[in-house]
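Position 44 of the sequence shown, counted from 1, bears residue number 44 in the numbering used here, the numbering being contiguous throughout. Where a beta carbon is used, it is the ideal one built from N, C-alpha and C, also for glycine.
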Amino acid sequence: MNRTLLPAAWYTIAMNTLNSVLRILCDGRFHSGSALGETLSVSRAAVWKAIKKLQNEWQVKINAVPGRGYQLAVPLTLLDKDSILSAMGPQFQSQLQEIQILWSVDSTNRYTLNQASSGVVSGFAVLAEHQSAGRGRRGRHWVSPFGRNLYLSLLWEFELDATQLSGLSLAIAVAITRALTKVEINNVMLKWPNDVLWQERKLCGVLLEMKGEASGPWQVVIGIGMNVNMGSIKTEEIGQPWVDLQSILGRDLDRNQLAGLILSELLDAMHQFQRSGLSPFLADWRARDVCRDKLVELHFPDRVEHGIARGIDSSGALLLESEGVVKPYHAGEVSLRY
Ligand code: BTN
Numbered sequence: 001m002n003r004t005l006l007p008a009a010w011y012t013i014a015m016n017t018l019n020s021v022l023r024i025l026c027d028g029r030f031h032s033g034s035a036l037g038e039t040l041s042v043s044r045a046a047v048w049k050a051i052k053k054l055q056n057e058w059q060v061k062i063n064a065v066p067g068r069g070y071q072l073a074v075p076l077t078l079l080d081k082d083s084i085l086s087a088m089g090p091q092f093q094s095q096l097q098e099i100q101i102l103w104s105v106d107s108t109n110r111y112t113l114n115q116a117s118s119g120v121v122s123g124f125a126v127l128a129e130h131q132s133a134g135r136g137r138r139g140r141h142w143v144s145p146f147g148r149n150l151y152l153s154l155l156w157e158f159e160l161d162a163t164q165l166s167g168l169s170l171a172i173a174v175a176i177t178r179a180l181t182k183v184e185i186n187n188v189m190l191k192w193p194n195d196v197l198w199q200e201r202k203l204c205g206v207l208l209e210m211k212g213e214a215s216g217p218w219q220v221v222i223g224i225g226m227n228v229n230m231g232s233i234k235t236e237e238i239g240q241p242w243v244d245l246q247s248i249l250g251r252d253l254d255r256n257q258l259a260g261l262i263l264s265e266l267l268d269a270m271h272q273f274q275r276s277g278l279s280p281f282l283a284d285w286r287a288r289d290v291c292r293d294k295l296v297e298l299h300f301p302d303r304v305e306h307g308i309a310r311g312i313d314s315s316g317a318l319l320l321e322s323e324g325v326v327k328p329y330h331a332g333e334v335s336l337r338y
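What follows is the structure in structure tokens.
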């Protein structure tokens, strides 16, 4: 017998149990361990293991009440491909080559980069309910609890050279603010190059990962993490002030609708950027510049520059004034000084 097959088969069975348990719990009612076991033809111990994994690894809040069973502590509406597509409008739907919804993945960006290596082209999008190793900028971890936020990656190929791509991350930030405007969130600000902030707390992060030759074409994976409803998830590890859409709006927001709006604005922005570069986005970016005329620090791995932020130039570089001289910067991590 080939021994290596056994654990993989077991793993598949366990993952099926996990998914099925969660789908049943999504009705918001109590289900006993034995009823779940019977429905899924597995033991109560297998149900218990699935519940523990959901609670401990996917950070799903589940009430366990003796005599009644298990119930989701907070109702969940799962991501759904058709609902996302119907929020997009036909002209954008046709620009998506494929859209995948995953329950759990290490990182949607890593997954998309792998797809790009196996020949997938512009217009491939993936969303996950949970990331076990979500990637943030500068090697940071992106906290990604199950079913609460958006973790989305889109692959796009540009016929541009590396220098022409330098403003892309700012254009993407503007596209996100345009999508937020459509759900009546107008007052977000941008921190160079592409952090989306609300009252100086982080609402959304963008991670671009690229593959290509200096002269192009470039395959770009655009990874977006949007805090929608963090709930009571433990978030000490985030390490910076943050906010979610639920707290801003004071109500739930449909993640499928939001994903559709973001994808539409992104696709529109990709075409605009390919045609005209950063110029169609500059005015919107400047209008939301949270650092403008403020004291900031620009962090590099080996040093920190101090100065007054003086906006961005037409290529998207940050302008920093220090000792009366204004210099453009294309890299670094900005923090506001108080
Ligand atoms: C940042 O540090 O501000 C960037 C965070 C980007 C997180 C998103 S979530 C979807 C995509 N997949 C990842 O692993 N990271 C990005």
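K191 counts as buried, since no fewer than 16 other beta carbons sit within 10 angstroms of its beta carbon. For the 8 angstroms CB-CB criterion, G225 and A87 do not form a contact. Shortest gap from the CB of L197 to any heavy atom of the ligand BTN: 7 angstroms or more. Sixteen is the threshold: when 16 or more other Cβ atoms of the shown chains lie within 10 Å of the Cβ of D195, as they do, the residue is buried.
Take V304, set aside five residues on each side of it, and the residues of its chain with a beta-carbon closer than 8 angstroms to its own are E297, L298, in chain order.
By the CB criterion at 8 angstroms, A50 and T17 fall inside the cutoff. Sequence-distant partners of F281 (beyond 5 residues in either direction) whose C-beta falls short of 6 angstroms from its own C-beta, in its chain, are A171, V174. With contact defined as three or more Cβ pairs closer than 8 angstroms, the stretch 100-111 and the stretch 149-160 are in contact. The ligand BTN never approaches I185 closely enough for any of its heavy atoms to be under 7 angstroms from the residue's Cβ.
Beta bridge pairing from DSSP links G223 with S153, L207. Going by DSSP, L197 is part of no alpha helix (DSSP H) but of the beta strand (DSSP E) stretching over 195-198. In this structure, the CA atom of L253 is about 10 angstroms from the CA atom of N149. For the pair D293 and I312, the CB atoms are not nearer than the 8 angstroms cut-off.
Taken atom to atom, the span from the alpha-carbon of C291 to that of Y70 is near 47 angstroms. Between the ligand BTN and S169, a heavy atom-to-CB distance of less than 7 angstroms is absent. Cβ contact annotation for Q272 (same chain, cutoff 6 angstroms, sequence separation greater than five): P280, in chain order. Between the alpha carbons of Q55 and W198 lies a distance of about 30 angstroms.
Distances from the CB of V326 to the heavy atoms of the ligand BTN are all 7 angstroms or more. Apart from the 5 residues on each side of it in sequence, I248 sits with its Cβ closer than 7 angstroms to the Cβ of I185, W198 in its chain, given in chain order.
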